[in-house]
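Trainee: Note that this note's numbering numbers the sequence shown so that position 17 is 24, with each residue one more than the last.
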Amino acid sequence: MRLYKNPTSPFARIAHAALIEAGVADLDVRVVDQWADPAELLAVNTAGRVPCLLLDDGTAIAECLLIAAYAEQLRAARGGAAGWDPACLSLTGTALGVCDAAVQTMVGRRILSGGFQDTGFDGAELGRKRRRAMIEGLQVVEAALAGRDASDLDLGLITAIVALDYVDMRFSAAGWLPPTPRLRALRSCFADRPSLAATRPPN
Ligand SMILES: N[C@@H](CCC(=O)N[C@@H](CS)C(=O)NCC(=O)O)C(=O)O
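Printed below as a string of structure tokens:
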């Protein structure tokens, strides 16, 4: 099967990490520039977005959580223990909201100025809404991780670590990211886990 992705996309990273966690060994990873609407991406995802998973029978699955759901089916079929209890789903949703707000901020910058460097969008009403969502989302994630067992990497913690890496990459210099010591400690615990190490965005 083939995964269309871009190395900086947090959504693509969640999908890729879930497939690695599911033990998919023969994944063909195809890096594309989703902003350029490449024909091979549009052929599998009319939205022109990454991630998209193309199965061997030609079925295309877009959206990171749907790809993660498919990966979870593969994992369960191989005898993996059931995951995704309500707490996991709740953490996943909150952390994905952080990813969404962060990506939407970058998209807003691009719409306003044509590039990612001009931060003019961030101070606009919608930009401030996105920043609030990132800050409060990270705070809720941090609270949800109280007492978290460091041996348990589920979809919720993967999504939370992906969100943290993404906001660190895009916004750490801005100085408004809230303290997240539990999440940062858990990220360190799982730094060498293949699903996270092999999908880490470039510096
Ligand atoms: N809801 C989608 C979001 C995917 C998404 O927005 N991907 C971005 C990259 S981070 C993209 O491909 N953007 C291109 C575009 O919007 O045209 C998911 O969960 O997979």
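Beta carbons: idealized from backbone N, C-alpha and C, even for Gly.
1. If we call anything under 8 Å between Cβ atoms a contact, is VAL105 one with ALA170?
2. Between the region 158-177 and the region 191-202, can you find at least three pairs of beta-carbon atoms closer than 8 Å?
3. Under 8 Å by Cβ, that's how I've got LEU152 and LEU190 pegged, so tell me the actual separation to the nearest angstrom.
4. Give the straight-line distance between the Cα atoms of ASN13 and THR206, rounded to the nearest whole angstrom.
5. Tell me the DSSP secondary structure of ARG20 in three-state form.
6. From the DSSP secondary-structure annotation, give me the bridge partner or partners of ILE68.
7. Residues in its own chain within less than 6 Å of ASP35 by CB, not counting five upstream and five downstream?
8. How about THR101 and VAL147: are their beta carbons less than 8 Å apart?
9. Considering only C-alpha positions, which residue in the set LEU193, ARG177, ASP159, PRO188 is nearest to PRO17?
10. Is LEU60 a contact residue of ligand 1, with contact defined as CB to any heavy atom under 7 Å?
Mentor: The short version:
1. Yes, the Cβ-Cβ distance between VAL105 and ALA170 is below 8 Å.
2. Judged by Cβ distances under 8 Å, the region 191-202 makes contact with the region 158-177, as three or more pairs qualify.
3. With a Cβ gap of about 6 Å, LEU152 and LEU190 count as contacting.
4. About 10 Å.
5. In the structure shown, ARG20 sits in a helix (DSSP, three-state: H, G or I).
6. BP columns for ILE68 point to LEU60.
7. Excluding the 5 residues flanking it on each side, ASP35 has same chain C-beta neighbours closer than 6 Å at ARG9, in chain order.
8. Going by C-beta atoms, THR101 is nearer than 8 Å to VAL147.
9. Of the candidates LEU193, ARG177, ASP159, PRO188, the one whose C-alpha sits nearest the C-alpha of PRO17 is ARG177.
10. Checking the Cβ of LEU60 against ligand 1 gives no.
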